[in-house]
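Please read the structure below before turning to the comments.
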Amino acid sequence: MTRVDPAETFRQEAQELLEQLETTLLDLEQAPADRELVDAAFRALHTIKGSGAMFGFTAVAEFVHGFETAFDRVRKSGQPISADLVTLALQARDHVDGLINDPDADTAGGARILTALDAIAPQEGGASDASVAEPVSTAAADGVAGRWRVRFKLPADALAMGTNPLLRLDELAEIGPATISALTDDIPLLDELDPECCYIGWEVVIEATDPQAAIEDVFLFQGDDLDLEVSRIDEPAGEAAAVPGDAPEEKAAPRSEVVTATSAPAAKAALLRVPAERLDALMDQVGELVIAQTRLSELTADGAPPALQGIAEELERLIGGLRDTSMGIRMVPIGSLFGRFRRLVSDLSRSLGKEIEFVTSGEETELDKTVIERLADPLVHLIRNAVDHGLENPDARVAAGKPAAGTVRLAAIYSGAEVTVTLTDDGAGLNAARIRQKAEENGIISPDAEMRDEEIYPLIFAPGFSTAAEVTELSGRGVGMDVVKQTIEALRGTIDLTSEPGRGTTITLRLPLTLAIIDGMLVRVGDGRYSIPMAAVEECVELPASAVDRRGRDFLNIRGQIVPFLRLRELFRAEGETSDFQKVVVVSAGDARVGLAVDQILGNHQVVIKQLSRLHSGLNSFSGATILGDGSVSLILNVAQLIGMGAMKRTPAGIEEREAA
Amino acid sequence: MSKTILTIDDSPSIRQMVAMTLAAEGHQVIEAGNGSEGYAKASTNTVHAVVVDLNMPVMNGIEFIRKYRQHPSSKGVPIVLLTTESDEALKREARAAGATGWMVKPFNPTQLVSVIKKVTG
């Protein structure tokens, strides 16, 4: 691009403007009351001032500023221009002309002209703005990083006016580590919503040293229409330094109030002991509230006035929060349980004469207290098994090239809506041949069944399988692995087992975080409505028309994988109308998957789990019941059990895999 | 990302300054000498931002903003006033008309670049 020096352009431009000014002033002499001419003169001065300052003509800019100020007073006074004023203005003009060519020319003369101009121009109250600089507020610095809360809401028309709030957020985030959450309270109902309006406000928590000036800079343009609050939310103490680590996790927090209220300074709050029954009662009541709210939502779902729908939605949100908080109160670290096992292992070690290193991790992992309580017995059993049957005697270990002391690891870790508890020993591993023999003796499998080792191991969970070849004092006294499995499944959990001969065994328990309320998928099978725990649902697919009527071919090919499915209509002997478009809900536990063919998927809902009465406790296919919005009962499918049924379907039918492959 | 920016100023030297500064950042710059000319260009081109002077002959900056904001193509387009004025009442008037930002002359190129970045992202 070939452009001349902007300063040169300015000189030419100023020359033209000064000529214009001269003409205008002379015209004004003839028509002293012509406002147009006054405006034109003013504009010419204004441009010279602005451009002059731009290109380093400071003397010009300063002088013209005084000139312009005086002329502005004339303009605003509305009085006709006197001949004396025109004369002075023409002198001033000539002075500017001189200044442009020689910035140092005759400053005294300039000052004299300005004074005269000032004297002759009509006086006006209040000094005009002398400074051309944008006022920047400076906040007192205390030099210590702290947490600052910035809440802002842009004017409703900000988007149309070209203000992009995301850019403002980016700028704020540049100041320091920021936690951003949206304030969504003012978003109206959909039918009242104007898509061009900005309804959202933001709350940004910034960690920074004295960010006020920077924050105000971000919003410099927005002015008075902006609703901005900046406040410091912590004490500038050393404790603040501990905060940054957990701040990023809060990034997605939907509600700002919660985020700030529970931030670090409150972490040291005192603990409170509360009788467990009160928590149970609270949970029951929250459960009832959720049910009542579900009914309200169903009633208002269609046709209700928007205002009522708004309230129903608000209630849904609030009750969801109340539910989460109440469930949070019931969460107990699993460490309380692990502590007990330390003693158990040390006792076992002594009585069996085995050296054992017991390693635990994930003590801080929290589970519903009911889950923790019911987990104790199965874990005791599993640990006993690991120590008694898993770990070899020190001599045997040394002979096998392992350290004399055996290791048993107990670990808990969050994975999604579940907690995984693993128990690992570095013992001899399971003896597939012995398990097989035992299973054959007890009639669990037929002697001619062809099974891989991985298929044999789970047989120890089969009812009637006694684990110990020789019953010792500690294990194998009636509480079999089948009871462990049942207990875990009653907790809506799953149990898996892997073993490697000579290397050890790992038992994996997957447990839901809570027992009280879960998200469920509501499906229709015939006239009945059933709930499937959402955590187990992988996907929903259409039941292919070809599969609807073909019995004995209950397998689906889902992206190249063969998944067995159960026809719940047949399983439950359901009556009532079916659907032309049956769906298959694919549920999983661990690596196992099974499809559940249902007539219709009705949607998802909050499932407040009610235990089945003892009368119904024999119903393995159901893990509980819940009350739907209309007051009717929906049974909750026992996913682990159904997956087991699906797997059985698969084992004898090896042909299916080959055909579909 | 390259943006198309309209600069409206009656001062050719200012326009040149704006154009040079923004072109160096890789933006396309369209120039107009007053509000009326600016409106004609703004309504017939796709512009991503407008930098406009306040005091101009024929149609001043605020009149331009009012008129341009009536045009559907102005939706979401930031308009930055570039002027020697820093009077609060004038700023309020400009904001009410639909201005997005305010920049005071004299400006340095870095300021202009950062302001344009600030409003266009």
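As they're listed, the protein sequences go chains V and X.
Sequence positions in the first sequence follow UniProt numbering and run 1 to 661.
Sequence positions in the second sequence follow UniProt numbering and run 1 to 121.
From the three backbone atoms N, C-alpha and C, an ideal C-beta is built for every residue, glycine too.
For this session: Kindly say whether serine 13 of chain X, judged by its beta-carbon, lies nearer than 8 Å to any beta-carbon of chain V.
Result: Taking the second sequence and counting its residues from 1, the one referred to as residue 13 of chain X is at position 13. Yes, contact with chain V.
Exercise. Which residues in chain X sit within 9 Å of glutamate 216 of chain V, going by Cβ to Cβ distance?
Worked result: Position 216 of the first sequence, counting from 1, holds the residue named residue 216 of chain V. By Cβ distance, chain X contributes nothing, its closest Cβ being about 14 Å from glutamate 216 of chain V, past 9 Å.
For this session: Spell out a yes or no on whether the region 489-498 of chain V and the region 397-406 of chain V are touching, meaning 3 or more CB-CB pairs, one atom from each, closer than 8 Å.
Result: no
For this session: Measure the CB-CB distance between methionine 103 of chain X and valine 80 of chain X and report whether it falls below 8 Å.
Result: As a position in the second sequence, residue 103 of chain X is number 103, starting the count at 1. As a position in the second sequence, residue 80 of chain X is number 80, starting the count at 1. Contact: yes.
For this session: Report the residue from V/Ile460, V/Gly429, V/Leu556, V/Thr360 whose alpha carbon sits nearest the alpha carbon of asparagine 442 of chain V.
Result: The residue given as residue 442 of chain V occupies position 442 in the first sequence. Here the closest residue by C-alpha is V/Ile460.
Problem set entry | Beta-carbon spacing of glutamine 151 of chain V, glutamate 203 of chain V below 8 Å | Position 151 of the first sequence, counting from 1, holds the residue named residue 151 of chain V. Position 203 of the first sequence, counting from 1, holds the residue named residue 203 of chain V. It is arginine, not glutamine, that sits at residue 151 of chain V in the sequence shown. If you check the CB distance, arginine 151 of chain V and glutamate 203 of chain V come in under 8 Å.
Exercise. Does the separation of the CB atoms of threonine 47 of chain V and serine 2 of chain X fall below 8 Å?
Worked result: Numbered from its first residue, the first sequence carries residue 47 of chain V at position 47. Numbered from its first residue, the second sequence carries residue 2 of chain X at position 2. No, they are not a contact pair.
Problem set entry | Residue environment, asparagine 638 of chain V, which counts as buried when at least 16 other CB atoms sit within 10 Å | On the first sequence, residue 638 of chain V is found 638 positions in, with the first residue counted as 1. It counts as buried.
Exercise. Is the region 63-76 of chain V close to the region 19-29 of chain V, with three or more CB pairs under 8 Å?
Worked result: Not touching, per the Cβ criterion.
Exercise. Is asparagine 60 of chain X helix, strand or coil by DSSP?
Worked result: Within the second sequence, numbered from 1, the residue matching residue 60 of chain X stands at position 60. Correct three-state label for asparagine 60 of chain X: coil.
For this session: Would you be able to state if there are at least three C-beta pairs under 8 Å between the region 288-296 of chain V and the region 317-331 of chain V?
Result: yes
Exercise. Considering only the beta carbon of each residue, do isoleucine 558 of chain V and lysine 583 of chain V sit closer than 8 Å?
Worked result: Within the first sequence, residue 558 of chain V is the residue found at index 558, counting from 1. Within the first sequence, residue 583 of chain V is the residue found at index 583, counting from 1. Result no, Cβ atoms of isoleucine 558 of chain V and lysine 583 of chain V do not sit closer than 8 Å.
For this session: Run down chain V in chain order and give the residues with a C-beta less than 8 Å from the C-beta of threonine 84 of chain X.
Result: What you label residue 84 of chain X is simply residue 84 of the second sequence in a count that begins at 1. By Cβ distance, chain V contributes His46, Lys49, Gly50, Ala53, Val132.
Exercise. Where do the N-terminal and C-terminal ends of the beta strand (DSSP E) with glycine 321 of chain V fall, by residue?
Worked result: Walking along the first sequence from the start, residue 321 of chain V turns up at place 321. Careful: glycine 321 of chain V lies outside any beta strand (DSSP E), inside the alpha helix (DSSP H) at 306-329.
Exercise. Does any CB atom of chain V fall closer than 8 Å to the CB of valine 47 of chain X?
Worked result: In the second sequence, the residue the question calls residue 47 of chain X occupies position 47. By this cut-off, valine 47 of chain X is not an interface position.
Exercise. My guess is that isoleucine 233 of chain V and arginine 149 of chain V are in contact by the Cβ rule of under 8 Å, so how many angstroms apart are they, rounded?
Worked result: The residue labelled residue 233 of chain V in the question sits at position 233 within the first sequence. The residue labelled residue 149 of chain V in the question sits at position 149 within the first sequence. The C-beta distance from isoleucine 233 of chain V to arginine 149 of chain V rounds to 5 Å, short enough to meet the 8 Å contact threshold.
Exercise. So, helix, strand or coil for arginine 295 of chain V, using DSSP?
Worked result: To locate residue 295 of chain V, count along the first sequence from 1; it is residue 295. If DSSP states are grouped into helix, strand and coil, arginine 295 of chain V belongs with the helices.
For this session: Assuming threonine 424 of chain V contacts glycine 504 of chain V (C-beta within less than 8 Å), just tell me the rounded distance between them.
Result: For this step, residue 424 of chain V is matched to residue 424 along the first sequence. For this step, residue 504 of chain V is matched to residue 504 along the first sequence. Rounded, the Cβ-Cβ distance is 6 Å, consistent with contact.
Problem set entry | Straight-line Cα distance separating isoleucine 100 of chain V from glutamate 37 of chain X | To locate residue 37 of chain X, count along the second sequence from 1; it is residue 37. To locate residue 100 of chain V, count along the first sequence from 1; it is residue 100. Distance between the alpha carbons of glutamate 37 of chain X and isoleucine 100 of chain V is about 29 Å.
For this session: Would you grab the beta carbon distance between isoleucine 120 of chain V and leucine 88 of chain V for me? Rounded to a whole angstrom, and I think it's under 8 Å.
Result: Within the first sequence, the letter at position 120 stands for residue 120 of chain V. Within the first sequence, the letter at position 88 stands for residue 88 of chain V. That belief holds up - the Cβ atoms of isoleucine 120 of chain V and leucine 88 of chain V are roughly 6 Å apart, short of 8 Å.
Exercise. In its own chain, which residues sit with a C-beta less than 8 Å from the C-beta of alanine 439 of chain V, not counting the 5 before and 5 after it?
Worked result: Numbered from its first residue, the first sequence carries residue 439 of chain V at position 439. Excluding positions up to five away in sequence, the list reads Ile445, Ile456, Leu459, Ala462, Phe465.
Exercise. Taking Cβ positions only, does lysine 41 of chain X come closer than 8 Å to chain V?
Worked result: Taking the first residue of the second sequence as position 1, residue 41 of chain X is located at position 41. It does not; no Cβ of chain V falls within 8 Å.
Problem set entry | C-beta contact flag for aspartate 280 of chain V and methionine 331 of chain V at 8 Å | Residue mapping note: residue 280 of chain V aligns to position 280 of the first sequence, counting from 1. Residue mapping note: residue 331 of chain V aligns to position 331 of the first sequence, counting from 1. No.
Exercise. Thinking C-alpha only, which one of V/Arg573, V/Ser415, V/Asn604 is nearest leucine 513 of chain V?
Worked result: The count along the first sequence starts at 1 and reaches residue 513 of chain V at position 513. Ranking the options by Cα distance to leucine 513 of chain V, first place goes to V/Ser415.
Exercise. By DSSP, does valine 608 of chain V sit in helix, in strand, or in coil?
Worked result: Along the first sequence, one-based indexing puts residue 608 of chain V at 608. In the structure shown, valine 608 of chain V sits in a strand (DSSP, three-state: E or B).
For this session: Could you tell me the distance, in whole angstroms, from the CA atom of histidine 95 of chain V to the CA atom of aspartate 104 of chain V?
Result: By 1-based counting over the first sequence, the position of residue 95 of chain V is 95. By 1-based counting over the first sequence, the position of residue 104 of chain V is 104. Distance between the alpha carbons of histidine 95 of chain V and aspartate 104 of chain V: 11 Å.
For this session: Taking only runs that begin and end inside the UniProt domain "CheW-like" (517-648) of chain V, name each unbroken alpha helix (DSSP H) of 4 or more residues, in chain order.
Result: 545-548, 568-571
Exercise. Does DSSP classify alanine 301 of chain V as helix, strand or coil?
Worked result: The residue labelled residue 301 of chain V in the question sits at position 301 within the first sequence. Note: alanine 301 of chain V maps to coil in three-state DSSP.
Exercise. What do you get for glutamine 606 of chain V, buried or exposed, if any count of 16 or more other CB atoms within 10 angstroms of its CB means buried?
Worked result: Translated into positions along the first sequence, residue 606 of chain V becomes position 606. Under this definition glutamine 606 of chain V is a buried residue.
For this session: Using a Cβ cut-off of 8 Å (strictly closer), state whether residue 122 of chain X contacts chain V.
Result: There is no way to answer for residue 122 of chain X, as the model of chain X reaches only from 1 to 121.
Problem set entry | Continuous alpha helix (DSSP H) assignments of at least 4 residues falling wholly in the UniProt domain "Response regulatory" (4-120) of chain X | 12-24, 35-44, 61-70, 88-97, 109-120
Exercise. Is the region 575-582 of chain V close to the region 626-641 of chain V, with three or more CB pairs under 8 Å?
Worked result: no
Exercise. What separation, rounded to the nearest whole angstrom, lies between the Cα atoms of threonine 626 of chain V and arginine 323 of chain V?
Worked result: Numbered from 1 along the first sequence, position 626 holds the residue referred to as residue 626 of chain V. Numbered from 1 along the first sequence, position 323 holds the residue referred to as residue 323 of chain V. Inter-residue distance for threonine 626 of chain V and arginine 323 of chain V is about 16 Å (C-alpha atoms, whole angstroms).
For this session: Tell me, please, whether the CB atom of valine 52 of chain X is closer than 8 Å to any CB atom in chain V?
Result: Residue numbering aside, residue 52 of chain X sits at position 52 when the second sequence is read from its first letter. Valine 52 of chain X does not count as touching chain V.
Problem set entry | Contact with chain X by isoleucine 162 of chain V, beta-carbon distance below 8 Å | Locating residue 162 of chain V in the first sequence gives position 162, counting from the first residue. What sits at residue 162 of chain V in the sequence shown is glycine, not isoleucine. Closer than 8 Å to the CB of glycine 162 of chain V there is at least one CB belonging to chain X.
For this session: Could you spell out the range, first to last residue, of the beta strand (DSSP E) harbouring alanine 411 of chain V?
Result: The residue given as residue 411 of chain V occupies position 411 in the first sequence. Per DSSP, alanine 411 of chain V belongs to the beta strand (DSSP E) from 406-415.
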